[in-house]
Amino acid sequence: MLRGRDIISVNELSRQDFERIFDAADEILEAPGKWSSVLRGKIMATAFFEPSTRTRLSFHTAMLRLGGEVVDLGEVEKSSMAKGENLSDTIRMLDSYSDVIVMRHRLEGAAKLAAEIAEKPVINAGDGSRNHPTQAMIDLYAIRRFHGRIDGLTIGVLGDLKYGRATNSFIAALAKFRVERIYLISPPQLRVRDDTRELLSEAGIEFKEVERLEDVIGELDVLYASRIQKERFPDPSEYELVRGSYVITAETLKGARSSLTILHPLPRVDEISFEVDSTPHAKYFEQAALGVPVRMALLKLILVG
Amino acid sequence: MLRGRDIISVNELSRQDFERIFDAADEILEAPGKWSSVLRGKIMATAFFEPSTRTRLSFHTAMLRLGGEVVDLGEVEKSSMAKGENLSDTIRMLDSYSDVIVMRHRLEGAAKLAAEIAEKPVINAGDGSRNHPTQAMIDLYAIRRFHGRIDGLTIGVLGDLKYGRATNSFIAALAKFRVERIYLISPPQLRVRDDTRELLSEAGIEFKEVERLEDVIGELDVLYASRIQKERFPDPSEYELVRGSYVITAETLKGARSSLTILHPLPRVDEISFEVDSTPHAKYFEQAALGVPVRMALLKLILVG
Amino acid sequence: MLRGRDIISVNELSRQDFERIFDAADEILEAPGKWSSVLRGKIMATAFFEPSTRTRLSFHTAMLRLGGEVVDLGEVEKSSMAKGENLSDTIRMLDSYSDVIVMRHRLEGAAKLAAEIAEKPVINAGDGSRNHPTQAMIDLYAIRRFHGRIDGLTIGVLGDLKYGRATNSFIAALAKFRVERIYLISPPQLRVRDDTRELLSEAGIEFKEVERLEDVIGELDVLYASRIQKERFPDPSEYELVRGSYVITAETLKGARSSLTILHPLPRVDEISFEVDSTPHAKYFEQAALGVPVRMALLKLILVG
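Heads up: the protein sequence lines correspond to chains A, B and C, in order.
Mind the numbering: the first sequence is residues 904 to 1208 in our numbering, read in order.
Mind the numbering: the second sequence is residues 904 to 1208 in our numbering, read in order.
Mind the numbering: the third sequence is residues 904 to 1208 in our numbering, read in order.
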């Protein structure tokens, strides 16, 4: 049951939760017209304490496509928080106006704190460097759409595995399924943290940490690429060292399986070369479009079951 | 009759106007579902020339909960006014697009000017240092909800009584009712202005200006606290002098009546200590939540009677 | 047929296209209530890479008045583009969320590029210094409303004829009709470009370039004034030279026909003196109000035919 629940972290979600959301998203894609009044009279409040275009817009679109409405906190620099209000009081305000709160925050734990204060469900649209549960839903749903299944696949996760909240959430979500193997592909300074290794081991998932994509590209069913986010680096010079060293080009893909799909949470900067866009491997735009039905499914299940 | 009227200042509203709004808000709280299509097809334009989170969001929420829609002018720094357009032309634009205009402005008289230009009703969401009529509606409605009446109560108003538009509007609204007594609690440099004293005297309201909350706390039914807004002070050093000297703590409340309710227009910074939140006196979050039904009632009465 | 089409430039529109939009706008003004659910379930995405208050708000209003919904990209400085995303990827995102994209951009050709990428129709809400097709629709529709016709009229276009996207689009649109004569009134450095002269010649329109409004004011049926936009000048000192030299005052209008109408795309700064507002010539506020029915007509015709 997802009705009334907070969605803070992948860790609190079961495989069954994911599959219930995926099944609902399937139904939405089959007959979108049937869902256009499901949330009539409901209001979603969005609070992006850290800006996000794709996540914010796809949540807005999802709510509107279900017949609901949206109020947006707007820019934090212009908000009551700029007058010195604390996060708790701001959340209490949103809680009293809306039926569900969607929030993003720079700091880890902010969404959890909000969920403790709010009576209405809180959906974490990304906080800190680990949690972005709705992105993970979209990523796994994309795999299920493109490959027909998640179990049994060999999946490469490329990029910033230490600071990236999308990659961390993706890996944690994969651990709920019976994938064949995970390749963790990153420069040494951006390797996964110990708790991720433990998570995978406990789940009994075979994984291997490698530095070079070309060593494993031929084995992959799915390659999950991600942006190396400058803002996550404590030291900018550390960023310059790795920047561009993991660019995917047509050349890179020569050894790939014909059925390989490339995913990316977007936006990308230069980590996937534009020439890749026109190959059959490029699935990141389709994946991004799935953000709307997945978020529609989630909002519907949380608000009316 | 409120239909078609501009709401610029508390002074233009009668006790009967207030009570009509309160009665409508009561009806909304009793059966919110009945109101969800009342403003179908109507558009509210919001123009916050001075940012405001709570007021803007609760107006948005109110309009959406009535089935209406909202267009927002957005940031003034990015608007046509940044290109040099005057306020009159901007208001004419909003007037031609929408059915009602809600505006906030730094300058006293801006809302009145807008109302003279616009054919559609204009609601002042705060201008200058005196007028914030919808906040006063919420404040008095909160008292009626929590105490069952306004007449006969002893009310303390604490903080910035000179520059505060919320406190000024609250006091002016109280003068429409038969309260027992008002204590005006402030440091000497933030005392009410002469016109407020005259207003209260003419209304036959007993009031007393005091400097220390502890001297009167035991007599109060309602304590209305407010933020001492730095931006209202011509001189920053004047602000530093009074900052923090009127903080309400659990200690402060030791001599209070058990039925005392504390109100605050929010956001608060440090003028109410967090430990107070969990006392039965703390009613400011519930008060803030009443912003939606009160603004729903007002919009409904103005737009469709 | 306008259904499914991109609206990038006036050049791609026929006289018949304009007239179809005008006829639909007439119908909307006659019976606005009949249109309130025409776009139920449709979403318009707006992307103002360059800020615009009037155009953005009137598009929002138009979509809402047709029963549709709006998602807005928001400030570019806070968007995924600030993270380094290219325009194409941003457009692909909007394309996958919405049913129609309305965009403004500083650079000429941006809307055309977007239209090539997006599957959904793209409406150019202004790009570069030439294209603002929906403004031209409003301007010509205003003439038709105020004069009953466009053919046979003598029209003066005043101001920045070189860099002004509104004036350029207006002139290009006039060339689709059989106007009597066009006076192009500007300082020497802001004269129309050669391609505009060619366009008018090829259309067989009589036109004359003049420097002084007073020389032709008595002949005009319509005077289209425009803001001389500082931001369009490569050299600020060039701006200071012409600033204010084309201000329309009551004095200017002494020699005008009694039936002269003055139009302006707004916002104005000081190019039309406020004393003119109260003359019967001043039609710019009524013209601006027509932005909503014209954009309603266009959205309706593009989305559902």
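Glycine is no exception: its CB is placed at the ideal position from the N, C-alpha and C atoms.
Checklist entry - Does any residue of chain A bring its CB to less than 8 Å from the CB of P1139/B? => result If you number the second sequence from 1, residue 1139/B lands on position 236. For P1139/B, the answer is no, since every Cβ of chain A falls outside 8 Å of its Cβ.
Checklist entry - Where does the unbroken beta strand (DSSP E) through H1008/A begin, and where does it stop? => result On the first sequence, residue 1008/A is found 105 positions in, with the first residue counted as 1. That run of the beta strand (DSSP E) goes 1003–1008.
Checklist entry - What does V974/A reach in chain B if we use C-beta pairs closer than 8 Å? => result In the first sequence, the residue the question calls residue 974/A occupies position 71. Simply L960, H963, T964, L967.
Item to check | Segment limits, alpha helix (DSSP H) that includes Y1149/B | outcome: Start at 1 with the first residue of the second sequence, and residue 1149/B comes out as number 246. No alpha helix (DSSP H) holds Y1149/B; DSSP gives it neither H nor E.
Checklist entry - Any idea which residues DSSP pairs T949/C with across the strands? => result Locating residue 949/C in the third sequence gives position 46, where the first residue counts as 1. The partner list for T949/C (beta bridge, DSSP) reads D975/C, V1005/C.
Next on the checklist: Between E1117/B and I1151/B, how many whole angstroms is the CB-CB distance? I'm expecting something under 8 Å.
Outcome noted: In the second sequence, counting from the first residue as 1, residue 1117/B sits at position 214. In the second sequence, counting from the first residue as 1, residue 1151/B sits at position 248. Incorrect: roughly 11 Å between the Cβ atoms, too far for contact.
Next on the checklist: Closer than 7 Å between beta carbons: that is the criterion. Which residues of the segment 926–946 of chain A meet it against chain C?
Outcome noted: S939
Item to check | Beta carbon proximity, R1198/B to chain C, threshold 8 Å | outcome: Translated into positions along the second sequence, residue 1198/B becomes position 295. Taking Cβ atoms only, chain C never reaches closer than 8 Å to R1198/B, which makes this a no.
Checklist entry - The beta strand (DSSP E) spanning I1088/B covers which residue range? => result Translated into positions along the second sequence, residue 1088/B becomes position 185. Counting along the chain, the beta strand (DSSP E) containing I1088/B begins and ends at 1084–1088.
Item to check | is_contact[R1007/A, chain B] using C-beta, thresh 8 Å | outcome: Looking up residue 1007/A in the first sequence gives position 104. Cβ-Cβ to chain B under 8 Å: no for R1007/A.
Checklist entry - Of the residues A1153/A, E978/A, V1207/A, which one's Cα is nearest the Cα of I1120/A? => result In the first sequence, the residue the question calls residue 1120/A occupies position 217. When each option's Cα is compared against that of I1120/A, the closest is A1153/A.
Checklist entry - Are there 16 or more other CB atoms within 10 angstroms of the CB of M996/C, so buried, or fewer, so exposed? => result Numbered from its first residue, the third sequence carries residue 996/C at position 93. Burial call: buried.
Checklist entry - If we call anything under 8 Å between Cβ atoms a contact, is I1026/B one with S991/B? => result On the second sequence, residue 1026/B is found 123 positions in, with the first residue counted as 1. On the second sequence, residue 991/B is found 88 positions in, with the first residue counted as 1. In this structure, S991/B does not lie closer than 8 Å to I1026/B by Cβ.
Checklist entry - How would you list, in chain order, the residues of chain E whose beta-carbon sits under 9 Å from the beta-carbon of A1192/C? => result No chain E is present in this structure, whose protein chains are A, B and C.
Next on the checklist: Could you check whether L1087/C and F1110/C sit closer than 8 Å to each other, using their CB atoms as the reference points?
Outcome noted: Working through the third sequence from its first residue, we reach residue 1110/C at position 207. Working through the third sequence from its first residue, we reach residue 1087/C at position 184. Yes, the pair counts as a contact, with Cβ atoms nearer than the cut-off.
Checklist entry - What residues match up with A1192/C in a beta bridge as DSSP calls it? => result Position 289 of the third sequence, counted from the start, is the residue given in the question as residue 1192/C. According to DSSP, A1192/C bridges with nothing at all.
Next on the checklist: Just verifying my parser: in three-state terms, what is the DSSP assignment at V1025/B?
Outcome noted: Taking the first residue of the second sequence as 1, we reach residue 1025/B at position 122. In the structure shown, V1025/B sits in a strand (DSSP, three-state: E or B).
Item to check | Opening and closing residue of the beta strand (DSSP E) in which E1112/B lies | outcome: Residue numbering aside, residue 1112/B sits at position 209 when the second sequence is read from its first letter. Here the beta strand (DSSP E) through E1112/B covers 1110–1113.
Item to check | Outcome for R1115/B when other beta-carbon atoms lying within 10 angstroms are tallied against a minimum of 16 | outcome: On the second sequence, residue 1115/B is found 212 positions in, with the first residue counted as 1. R1115/B comes out exposed.
Next on the checklist: Per DSSP, what are the beta-bridge partners of G1059/A in this structure?
Outcome noted: Here the question's residue 1059/A lines up with position 156 in the first sequence. DSSP lists Y1086/A, L1126/A as partners of G1059/A.
Item to check | Contact with chain A by K986/C, beta-carbon distance below 8 Å | outcome: On the third sequence, residue 986/C is found 83 positions in, with the first residue counted as 1. Taking Cβ atoms only, chain A reaches closer than 8 Å to K986/C, which makes this a yes.
Checklist entry - Helix, strand or coil: which one does DSSP assign to I1175/C? => result On the third sequence, position 272 is the one that residue 1175/C refers to. I1175/C: strand per DSSP, three-state reduction.
Checklist entry - Helix, strand or coil: how does DSSP classify I1041/A here? => result Walking along the first sequence from the start, residue 1041/A turns up at place 138. If DSSP states are grouped into helix, strand and coil, I1041/A belongs with the helices.
Next on the checklist: Let's test the definition: count the other Cβ atoms within 10 Å of the Cβ of G1051/C and tell me whether it reaches 16, buried, or not, exposed.
Outcome noted: The sequence position of residue 1051/C within the third sequence is 148, counting from 1. Per the 10 Å Cβ criterion, exposed.
Checklist entry - Between the C-alpha atoms of S1161/B and E1122/B, what's the straight-line distance to the nearest angstrom? => result Looking up residue 1161/B in the second sequence gives position 258. Looking up residue 1122/B in the second sequence gives position 219. Approximately 11 Å, taken between the alpha carbons.
Item to check | Three-way DSSP call (helix, strand, coil) for I1053/C in this model | outcome: As a position in the third sequence, residue 1053/C is number 150, starting the count at 1. Here I1053/C sits in coil by DSSP.
Next on the checklist: For a test of the three-state rule: what should DSSP assign to I1165/A, helix, strand or coil?
Outcome noted: Taking the first residue of the first sequence as position 1, residue 1165/A is located at position 262. If DSSP states are grouped into helix, strand and coil, I1165/A belongs with the strands.
Checklist entry - Skipping 5 residues on each side, what residues in its chain have a beta carbon closer than 6 Å to that of S955/B? => result Position 52 of the second sequence, counted from the start, is the residue given in the question as residue 955/B. Excluding residues within five positions, the ones whose Cβ falls inside 6 Å are R1007.
Checklist entry - Should L1103/B and G1059/B be called a contact, given that it needs their Cβ atoms to be closer than 8 Å? => result As a first step, residue 1103/B must be located in the second sequence, where it is residue number 200. As a first step, residue 1059/B must be located in the second sequence, where it is residue number 156. Contact: no.
Checklist entry - Grouping DSSP H, G and I as helix and E and B as strand, with all else coil, what is A1078/B? => result By 1-based counting over the second sequence, the position of residue 1078/B is 175. Note: A1078/B maps to coil in three-state DSSP.
Next on the checklist: So, for Y895/A: in the same chain, excluding its five sequence neighbours on each side, which residues have a beta-carbon less than 7 Å away from its beta-carbon?
Outcome noted: The shown model of chain A, from 904 to 1208, leaves out residue 895/A, and the question about it has no answer.
Checklist entry - What's the C-alpha gap between R1084/C and G944/C? => result For the purposes of this step, residue 1084/C is taken as residue 181 along the third sequence, with counting starting at 1. For the purposes of this step, residue 944/C is taken as residue 41 along the third sequence, with counting starting at 1. Taking the straight line joining both Cα atoms gives about 45 Å.
Next on the checklist: Tell me which residues of the segment 1031–1054 of chain B have at least one Cβ-Cβ distance to chain C shorter than 9 Å, keeping chain order.
Outcome noted: none
Checklist entry - If we call anything under 8 Å between Cβ atoms a contact, is R1033/C one with R1068/C? => result On the third sequence, residue 1033/C is found 130 positions in, with the first residue counted as 1. On the third sequence, residue 1068/C is found 165 positions in, with the first residue counted as 1. Contact: yes.
Checklist entry - Would the segment 1171–1186 of chain A and the segment 977–993 of chain B be scored as touching if the rule is three or more Cβ pairs under 8 Å? => result no
Checklist entry - Relative to the alpha-carbon of Q1132/B, which residue among G1062/B, D920/B, A1018/B, S940/B has its alpha-carbon at the smallest distance? => result Position 229 of the second sequence holds residue 1132/B. Here the closest residue by C-alpha is G1062/B.
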